[in-house]
Amino acid sequence: MPLDSLPFELLSEILDSTRDVETLHQCVLVCSTFKEAALPSLYRTITLKTVHQMDEGLHFGALETLDKYVYLRPYVREVKFLFVLSDYARRTRRTSSGYKVPQNLWVNSLAKLPNITSYTFCHIPFFSFPQSQNRFLPIPHEQIELTVAALANCSLLDELNLLYRATPSDISRLNHLKNVRSIRLGLPSREVLVAVRPWIEQCDSFSVRDAYALDSLATIRPHVSNLSMLHIGPHHALSNRDLLQLLHCTSKLQELDLFYDNFLNVQLLNKDDRSSLGLKNLHKLVVRHQGVSNKSQFMELFTWLEAVISASPLTSISILSDDSRECNFAMPLMNLLAKKPQLEFLNIPQVVLRHPSLRTLFGRLNNLRVLSIMLVDVNVLCFHTSASPGELNFNLSALYLRSSKTTCPYSLVTPQLRQTISSLRGSPGYVRRLCQEKQTWKVCSQTSVSDFN
């Protein structure tokens, strides 16, 4: 069926499932029908960037378009406010030199978007160099006040992302947004963590990207019992024992993303520490670790992991090395994961798997759909040849391999990978190279359409 003869409702549904903004931009340029179908999806997320100078104050092209095409307003779900301090300072100097006082007409335009569910405050440098992406700088209080005024009647707003250097007074102002149930902080000070604690108690989701101010359990532990999602990033001061004590208070957790810092672990876990946490609702786990390099340290990490997940019906787990340390002791981890038959998504790109590990995975995890691992020997892909008929269940939608150019040349891996998948699935699927760096490459072999986040 030609694309131009697709029913409009079907075309709209297809484009609504598209998350790639560039694709939506291209669709808008195809024809008027595609434009009408793609615009609602394109304006699902809008970005407000403070780079235009006008007498009426801040000017945002996205809001101007929405004022022109009023029918698009209900489709806006997410707003990202990108604040450029250098541009603001230049505008302020010009205004104080005789320009008329800004009217902030953008506030009225923002207030007319009834279905916003997520709002992000982000401070960016005027020139976005890679090394400045994680800098958290302040946003003037008046900008926060104006935004709160615009969002006051937005009853669907339930997520706030404060990716700038917030202050306790900012938290006090934002606390007027009563329906917020998800908070994400960039680099909060200890004072901000104290100010936000009553808010956390009312939330379902709480995230700290850089947890430098999280220096003790007392800072956060009494306030996390209602959370269904918790994310604690690097630079906190919590040992593996502290993290377990924290998780004892989070029985409602469904998603957990933690930074495990082995440099803080001065004592080995004892028998009491290893008892199950009882996280019976936990479905998704991400562990990012640093300082784990030898066998004993990996065994301690896996012991800690067992305490976290022993009672959990996990469907997704990622174990990521922040300092690129590879794990060559995979079998204890495989034996632990083999107890999770519901597991569908396994992302362990720094864990080296060999024949026994792969046979354990595909022999026990029948629901596994996405797997990401480290490959050190092309012969590992022949793991199926020593298995009995019917022993392995290869139901993957996508297999991601990461390896070294020296030990596993891409030219050797591709034919062996196709042969293995063809033997296990009856067809080779297709293989594509995702990226290639100086000493490594990464490849994806897919047998069906799948998401990898």
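When we follow full-length UniProt numbering, the leftmost residue of the sequence shown carries the number 1, and every step to the right adds one.
C-beta atoms are modelled at their ideal positions from N, C-alpha and C, and glycine is treated no differently.
Remember, predicted model here, so these are calculated numbers, not experimental data.
Taking 6 Å as the limit between beta carbons, can you name the residues of its chain near residue i, skipping five residues before and five after?
i	result
Pro40	Tyr75
Ser12	Ala37
Gln416	Val378, Leu381
Arg190	Ala213
Pro428	Arg418, Ile421, Ser422
Ala195	Pro168, Ile171
Ala150	Val107, Leu110, Ala111
Tyr99	Since pLDDT at Tyr99 reaches only 48, below the 50 mark, its modelled position is unreliable, and no value is offered.
Leu63	Trp106, Ser109
His236	Ala211, Leu214
Measuring CA to CA, which of the options is closest to residue i?
i	options	result
Ser312	His141, Ser276, Gln419, Pro332	Ser276
Asn395	Gln290, Met374, Gln342, Asp261	Gln342
residue 468	Val192, Cys27, Pro222, Gln202	Beyond the ends of the chain as shown, which are 1 and 453, falls residue 468; an answer cannot be given.
Arg221	Ser207, Ser205, His248	His248
Ala111	Val84, Leu337, Cys154	Cys154
Asn240	Leu269, Ile116, Leu371, Gln26	Leu269
Leu72	Ser109, Leu29, Val180, Asn294	Ser109
residue 465	Val308, Glu145, Arg165	In the structure as shown, the chain starts at 1 and stops at 453, and residue 465 therefore has no counterpart that could be examined.
Arg369	Pro389, Asn347, Asp242	Asn347
Phe362	Leu29, Met334, Pro349, Ser169	Met334
Trp106	Gln202, Lys49, Asn366	Lys49
Asp215	Leu227, Cys203, Leu256, Leu264	Leu264
Leu365	Val266, Lys340, Ser386	Lys340
Val286	Ala152, Cys408, Leu256	Leu256
Thr45	Ile14, Leu113, Leu29	Leu113
Asn179	Ser397, Ser318, Ala166, Ile200	Ile200
Arg288	Ile317, Asn294, Leu258, Glu300	Leu258
His25	Ser17, Asp16, Lys35	Lys35
Asn294	Asn262, His283, Glu306, Ala166	Asn262
residue 456	Arg359, Thr406, Ile124	For the chain, the structure presents residues 1 to 453; residue 456 sits outside this window and is missing.
Asp16	Leu305, Leu42, Arg184, Val224	Leu42
Ser397	Val431, Ser296, Lys280	Val431
Leu244	Lys280, His223, Leu305	Leu305
Phe345	Thr33, Leu314, Arg354	Leu314
Which residues mark the beginning and the end of the alpha helix (DSSP H) in which residue i is found?
i	result
Asp242	240-247
Leu190	The question names Leu, yet the displayed sequence has Arg at residue 190. Counting along the chain, the alpha helix (DSSP H) containing Arg190 begins and ends at 190-200.
Ser169	168-174
Arg364	355-364
Asn335	331-337
Tyr410	410-425
Gln143	141-151
Glu391	Neither: Glu391 is in no alpha helix (DSSP H) and is coded neither H nor E.
Ala398	Run containing Ala398: none in the alpha helix (DSSP H); it sits in the beta strand (DSSP E), 398-404.
Ser109	105-111
Leu63	61-68
With the cut-off set at 8 Å, would you say residue i and residue j are in Cβ contact?
i	j	result
Pro356	Met374	no
Phe206	Leu230	yes
Asp322	Pro234	yes
Leu238	Leu253	no
Phe81	Thr117	no
Ser182	His141	no
Val208	Ile232	yes
Gly278	Ser316	no
Phe60	Ile139	no
Leu227	Cys203	yes
Tyr164	His123	yes
Gln350	Ser318	no
Within its chain, find whatever has a CB closer than 8 Å to the CB of residue i; leave out the 5 residues flanking it on each side and keep chain order.
i	result
Val413	Leu375, Val378, Leu381, Leu401, Ser403, Val443
Thr303	Leu269, Arg274
Val224	Ile200, Phe206, Leu230, Leu246, Cys249, Thr250
Val148	Arg173, Leu174, His176, Leu177
By Cβ distance, which residues of its chain are closer than 7 Å to residue i, with the 5 residues on each side in sequence left out?
i	result
Leu424	His384, Leu392, Phe394
Pro130	Note that Pro130 has pLDDT 46, beneath the 50 cutoff, so the model's placement of it is unreliable and no number is given.
Asn115	Pro74, Val76, Arg77, Leu156
Phe298	Val292, Cys327, Phe329
Arg19	none
Ser310	Ser276
Leu301	Tyr260, His289, Val292
Ser96	In this predicted model, Ser96 has a pLDDT of only 48, less than 50, meaning its place in the structure is not dependable enough to derive any value.
Cys27	Leu15, Phe34, Ala38
How would you write the range of the beta strand (DSSP E) that residue i sits in, first residue to last?
i	result
Glu255	255-261
Phe81	78-84
Cys27	Not the beta strand (DSSP E): Cys27 falls in the alpha helix (DSSP H), residues 21-28.
Lys49	45-49
Thr303	Per DSSP, Thr303 belongs to no beta strand (DSSP E); it is in the alpha helix (DSSP H), 295-309.
Ser32	No beta strand (DSSP E) contains Ser32, which is instead part of the alpha helix (DSSP H) from 32-42.
Lys284	284-290
Ser163	First, the residue type needs correcting, since residue 163 is Leu and not Ser in the sequence shown. Run containing Leu163: 159-163, per the beta strand (DSSP E) assignment.
His235	Here His235 belongs to no beta strand (DSSP E), and DSSP marks it neither H nor E.
_With three or more beta-carbon pairs closer than 8 Å as the criterion, would you say the stretch 158-165 touches the stretch 173-181?_
yes
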